[in-house]
Amino acid sequence: MKRWLPLIIFAALGGFFYIGLHLDPREVPSPFIGKPAPAFTLPVIGQPGVTFSPEQNKGKVWLLNVWAPWCVACRQEHGALMQLAQAGVPIYGLNWKDKDREAEALMARQGSPYAAVAEDLDGRVGIDYGVTGTPETFVIDKTGIIRMKHIGPINADNWQAKFEPLLKELSK
Amino acid sequence: MIPELGQFALILALLLALAQGILPIYGAHRGNATLMAVARPAAQGQFVFVAIAFGCLAYSFLTNDFTVENVARNSFSQLPLIYRFTATWGSHEGSILLWTLVLAFWTVAVTVFSRHLPEDMAARVIGVMGLVSVGFLAFILVTSSPFTRIFPAPMDGNDMNPLLQDPGMVFHPPMLYMGYVGFSVAFAFAIAALLSGRFDAAWARWSRPWTTVAWVFLTIGITAGSWWAYNELGWGGWWFWDPTENASFIPWLAGTALIHSLAATEKRGAFKGWTVLLAILAFSMSLLGTFLVRSGVLSSVHAFATDPTRGIFILGFLGVVIGGSLVLYAVRVPKMESGGSFSWFSRESMLLVNNVVVVAALGSVLLGTLYPLFMDALGMGKISVGPPYFNSVFVPLIAPAMFLAGVGPLVRWKQASLPDLAKRLRIAFFVAVASALLLPLIAGGFNWMASVGIALSLWIVFTVMIGFVERLKHEPGSKLAALRKLPRGFWGMQLGHFGLAWVVAGIALVSAYETERNVKMNVGDNVEIAGYTLTFQGVEMHDGPNYKAARGTLDVSKGGKPAFVLHPEKRIYNASGMPMTEAAINYGFSRDVYAALGEELGPNEWTVRVFHKPFIGWIWAAGIFLALGGVLAAFDRRYRIAMKKASTEPAPAKGAAVEGAKA
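So the protein lines, in turn, are chains A and B.
Going by this note's numbering, 146 is the number at position 146 of the first sequence; the sequence numbering is gapless.
Take any residue in the second sequence, count from 1 to its spot, add 1000: that is its number in this note's numbering.
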């Protein structure tokens, strides 16, 4: 029996590794889920004098997409976001720590999927939302409660798996 | 054209690896000399084709061929030439190709230096290495080809990860891989022994120098990695217990245990089963390290490939290699006769205890590394395990091994006398304890970790000296000549243990007595640390080849006299826009002064981190000593004699194999 012990230990490890492969180590449960979206008021890019705050969206289900022009992964999800916007999903952007203020030029060039983009220049609102990197997307319901947080680019797969069922349920 | 040639070369290498893996092992089983003779040419041919593939990839990087996806993603036209070359192994695909190249290189080394082996043994060893190579080549071709083209090709690349743009990265991965992969030789010897059922002292003697050389490379690789982290990460730390670091440290511990176990098996035929298991463990941990880093199972700074298909492939491969070896072990181990008996107090028992201690320490690092994964897999939440766990579990576990490193070399084989040993070691013990008690007075503060560390360190240093004295006591004539005549194996052991003592001293002192200040500075502001005064002279913009940098100037003075100037930088890399902290360090034998720029708060106002790190340089200097000890031990005279002897007299097993072929 003793001579089989190394094999048994290894088999147990292998089992854990197999499960581990299907888990995302970056996905940390957000303590904000089920809590009201932190309030803020920030200027909207490209519309001088206009501000955006989450209360304005009370009564609708919407997405808050945290992004930045310097973020490579955000460009990956740009196409997917454009399609969603055309399909009528309300997406609001939070332009995070864009010190060089490139967002406006970039959106003019590539098109914008956003109903509005709030400018979080010093990243303080990002801190309130527990943002650890870009892109991150929050799903906020009609009463202003955060229902989901997605880390990383949105694509067709995770949209269908994670977002669509939730949005359907929340829009009821 | 060139990338396609590389792809073809890989396919040909895979076919040769298949031949190398299957035919010689089958030939050795059937006693067929013709099939066994396939091993060497197949292995050498495989190396040539893997080298061609690697050359093609390097060429694509050097010529900025952005039609190759791997180049476009990991290089950049403004990248300095040396980093365009190192970018070849900076990506997931490239690093696996480097792994394979290194494996092929080790196999060729075995084909060249195995002329003294019985033909069937050599055939099995080369065959096993061929099978490992099949796994890696298939992995590259199926999941991670570095030669995939993209269309349309981008104008320029995405740049190499700025963290990797450091001279340390030139040597670190190749050295680490030489070490990781080098354990495949000891592994192949162990599997060959299991397959043939012959576990004689010769087997341990053959494995020993290979294992030691691999261990030397791994030691250098880890030392270089730690040096890189210290210089590049900007936190002043030199070891983070990051999963990737652990992935290299765990095989190192296994290799250390294996080296010591092989010594007992070679000299006394003791604990063969345990040695075989350690040989399997060392290489398994290397493979596991590759799996952990490459699959993205554990997130860390380095895990840049998060792709489940790759992970499943490596996991399946691990299952075949490690699982298969352990099944073979379980089936064959009852046939092993245990070698010479030894009493509870003997060199053998000391080596065995040392081994158990090191493996237990290895287990604690492995557990800490995998614990977040276990918890997550069991649905018990996300946690992370940080340095406090490792410091409070690993350090007490490894401390007895330090104590034994002093005792072991002075204990006789088979049976020793405890009172006699106590008498010989009395002085070392008293000096070590007395120094530990005196240290707080000199350093101006008691810290139990520093005291215990220094005590253990001096304990080893003095026992090493006693070892030399006792060896020379009975030598007639000039002591210096006698010193030169001591076998290299003895020198290697003593230097290695001395290096260990030195690294322990460095770690203990820097951990206990380092100081750090985190301050906000305007032009003209001063900060004092450990007797040094740093004056902030502001920040200037300057352009690097592929980055823009804010370059700070800190004038450092000691006792009112200007001592040196530090230029810490904050860089923004052009292609990725990634910010990087480039620390400025003034190195010294007894201390480093380290400065890093933090955040820009306003015009010429910055947060600045400064550290005073006493004796930190010892850690890396000692790493070189450890490696040097290994080099000396690996080139001991008896291994060279064994080779010469064998090449003049035909090995008996060779004749037997030919007979078998005739029948």
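Quick reminder that beta carbons are idealized off the backbone N, C-alpha and C, glycines included.
None of these values were measured; they are calculated from a predicted model.
N- and C-terminal bounds of the beta strand (DSSP E) containing residue i
i        : result
I1585(B) : 1584-1586
W1252(B) : Here W1252(B) belongs to no beta strand (DSSP E); instead the alpha helix (DSSP H) covers 1243-1268.
V139(A)  : 136-140
N65(A)   : 62-67
Three-state class that DSSP yields for residue i in the structure shown
i        : result
D1120(B) : helix
K1335(B) : helix
Y92(A)   : strand
F120(A)  : Residue identity check: residue 120(A) is Asp in the sequence provided, not Phe. It is a strand residue.
G1660(B) : Residue confidence is low: G1660(B) scores 34 on pLDDT, short of 50, so the model does not pin down where it sits. No coordinate-derived value is stated.
L1194(B) : helix
E1004(B) : helix
W70(A)   : coil
T1607(B) : strand
M107(A)  : helix
K2(A)    : helix
K1272(B) : helix
S1300(B) : Note that S1300(B) scores 42 on pLDDT, short of 50, meaning its location in the model is unreliable and no value can be drawn from it.
R1665(B) : In this structure chain B extends from 1001 to 1663, so residue 1665(B) is not present and cannot be described.
T1697(B) : This structure cannot speak to residue 1697(B), because chain B is shown only from 1001 to 1663.
L21(A)   : helix
V1321(B) : helix
N1231(B) : helix
T1309(B) : helix
N1158(B) : coil
P1152(B) : coil
Outcome for residue i when other beta-carbon atoms lying within 10 angstroms are tallied against a minimum of 16
i        : result
N155(A)  : exposed
S1392(B) : exposed
Y129(A)  : buried
A1407(B) : The residue asked about is misnamed: residue 1407(B) is Val in this sequence, not Ala. Classification for V1407(B): buried.
E1475(B) : exposed
N1575(B) : Correcting the residue type first, residue 1575(B) is Ala in the shown sequence and not Asn. That one is buried.
S1095(B) : buried
D1636(B) : buried
S1349(B) : buried
H1260(B) : buried
F1446(B) : exposed
D1166(B) : buried
M1285(B) : buried
V1320(B) : exposed
P1568(B) : buried
Y1177(B) : buried
E1516(B) : exposed
Q1020(B) : buried
D1376(B) : buried
Span of the alpha helix (DSSP H) around residue i
i        : result
G1453(B) : 1448-1473
Y1371(B) : 1347-1377
K1479(B) : 1479-1485
H1497(B) : 1488-1513
L1597(B) : Not the alpha helix (DSSP H): L1597(B) falls in the beta strand (DSSP E), residues 1591-1602.
K168(A)  : 164-171
I146(A)  : Premise fails: I146(A) lies in the beta strand (DSSP E), 146-151, not in any alpha helix (DSSP H).
W159(A)  : Taken as a continuous stretch (DSSP letters only), W159(A) belongs to no alpha helix (DSSP H), as it is neither H nor E.
F1625(B) : 1617-1634
E1093(B) : 1092-1112
Proximity winner among the options, relative to residue i (alpha-carbon distances)
i        : options                                : result
A1501(B) : A1416(B), A1481(B), W1620(B)           : W1620(B)
A1229(B) : I1191(B), T1581(B), L1626(B), N1586(B) : T1581(B)
W1089(B) : R1294(B), F1151(B), H1260(B)           : R1294(B)
I1529(B) : K1613(B), H1116(B), M1578(B), L1601(B) : K1613(B)
V1128(B) : E1600(B), A1042(B), R1638(B)           : A1042(B)
L1164(B) : F1589(B), A1017(B), A1377(B), P1579(B) : P1579(B)
Y1083(B) : G1182(B), T1107(B), A1361(B), F1061(B) : F1061(B)
G1045(B) : T1063(B), G1381(B), A1009(B)           : A1009(B)
Check: residue i C-beta below 7 Å from any heavy atom of the ligand MG
i        : result
Y1513(B) : The ligand MG is not among the ligands present in this structure, which contains no ligands whatsoever.
Checklist entry - Curious, which full-length beta strand (DSSP E) runs of at least 3 residues does the segment 1530-1580 of chain B contain? => result 1532-1543, 1547-1558, 1561-1566, 1569-1573
Next on the checklist: Please give the ranges of any alpha helix (DSSP H) in the segment 1024-1087 of chain B, keeping only runs that are unbroken, at least 4 residues long and fully inside the region.
Outcome noted: 1033-1036, 1039-1062, 1069-1074, 1081-1086
Next on the checklist: Extract the residue ranges of the alpha helix (DSSP H) inside the segment 1385-1428 of chain B, only unbroken runs of 4 or more that lie entirely within it.
Outcome noted: 1387-1407, all fully within the segment 1385-1428 of chain B.
Next on the checklist: Going residue by residue through the segment 1160-1225 of chain B, where are the continuous alpha helix (DSSP H) segments of at least 4 residues, counting only ones entirely within it?
Outcome noted: 1168-1196
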